[in-house]
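S.K.: Structure below; questions to follow.
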Amino acid sequence: MKISAIIPSAGKGIRFSNKIKKQYVLIKNKPLIIHTIERVLACKKIDELYLIVPPEDEDEVNKKILAPFDLKRKVKVFPGGKTRQESVYFGLLAIKSSDFVLIHDGVRPLVTPELVSLALEKAMLTGGSTPIISLKETLIELDNKINFPNRERFRLVQTPQAFAYDLLLMAHKRAREDGINATDDASLVVNFGGKISLFPGSYINIKVTTYEDLLIVNQLIDLENKYENRYRF
């Protein structure tokens, strides 16, 4: 059985400075994206990893990001598209053939090998899987009037998500034909009749989108190193 991983990291948003994209921000003297890659590859079920980057960054990522950490031979770099969805689609086309594929956000650097493995195990049961976590805060809906939905009816969706390769490729092709753009892959699969398994995610599995997120990740890595429990929380 062949299992591939795709890490979409083609975002152009600049959050922390006017000179560097967030996926390249240093955390403990290591680019954020390297933390993510190393943790995904720590799951021995992964046979190959495709990193999807902004087209203009392809050469620099190979030479200045991957090479210093001896990852050039382990990671295949491909240019992304205009949206996350398009970048994942390009990654699927680059793979050409696989049994299962794991999709994980490039800016979730605290994923664990255990979470990656669980995503794959659950996907093998139904064809797809995604981690979810409960909401801790009260929700408010701003429409014509203010509404407070019952938060117990909602969950937050994370990555890593895993799918049968052919199923996810079909969902992406149909989405392109129908002009559908989604922010994650599980919703595409469900939209076209696929089934997914839900499993508990982790509050530690933070998606870095703000400077505050970066501070939290730094502190969590300090705690991880302090207790010598690498890649486990």
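Take 30 as the starting number for the sequence shown in the numbering used here and just add one per residue.
Note that beta-carbon positions come from the ideal geometry of N, C-alpha and C, so glycine has one too.
With Tyr-118 and Arg-205 assumed to form a contact (beta carbons below 8 Å), what rounded beta-carbon distance in angstroms separates them?
M.R.: Between Arg-205 and Tyr-118 the Cβ distance is about 7 Å, and since that is below 8 Å, they are a contact.
S.K.: Just to confirm, are Pro-83 and His-133 a CB contact at a threshold of 8 Å?
M.R.: No, these two residues do not count as a Cβ contact at 8 Å.
S.K.: With three or more beta-carbon pairs closer than 8 Å as the criterion, would you say the stretch 57-71 touches the stretch 131-146?
M.R.: Contact holds: three or more Cβ-Cβ distances are below 8 Å.
S.K.: Can you tell me the Cα-Cα spacing of Leu-185 and Met-30, whole angstroms?
M.R.: Going from the Cα of Leu-185 to the Cα of Met-30 covers about 31 Å.
S.K.: Over the uninterrupted beta strand (DSSP E) stretch that includes Glu-77, give me the two end residues.
M.R.: Residues 77-82.
S.K.: Tell me Val-69's beta-bridge partners as DSSP assigns them.
M.R.: Val-69 is not bridged to any residue.
S.K.: Check whether the stretch 116-130 touches the stretch 164-184, counting contact only when three or more Cβ pairs, one atom from each stretch, lie closer than 8 Å.
M.R.: With a cut-off of 8 Å, the stretch 164-184 and the stretch 116-130 do not count as touching, because too few Cβ pairs lie within range.
S.K.: Look at the alpha carbon of Pro-142 and the alpha carbon of Glu-253, and state the distance between them as a whole number of angstroms.
M.R.: Answer to the nearest angstrom: the Cα atoms are 14 Å apart.
S.K.: Out of Tyr-79, Gly-208, Ile-162 and Gly-223, state which residue places its alpha-carbon closest to the alpha-carbon of Ile-233.
M.R.: Selected option, being the one with the closest Cα: Ile-162.
S.K.: Could you check whether Ala-34 and Tyr-79 sit closer than 8 Å to each other, using their CB atoms as the reference points?
M.R.: Yes, the Cβ-Cβ distance between Tyr-79 and Ala-34 is below 8 Å.
S.K.: If you run the structure through DSSP and keep just helix, strand and coil, what is Ile-161?
M.R.: In the structure shown, Ile-161 sits in a strand (DSSP, three-state: E or B).
S.K.: For Lys-93, I'd like the list of residues in its chain whose CB is within less than 6 Å of its CB, leaving aside the five on either flank, ordered along the chain.
M.R.: The answer is none, since no qualifying residue turns up.
S.K.: Expressed to the nearest angstrom, what Euclidean distance is found between the alpha-carbon atoms of Val-145 and Lys-48?
M.R.: Between Val-145 and Lys-48, the C-alpha separation is close to 32 Å.
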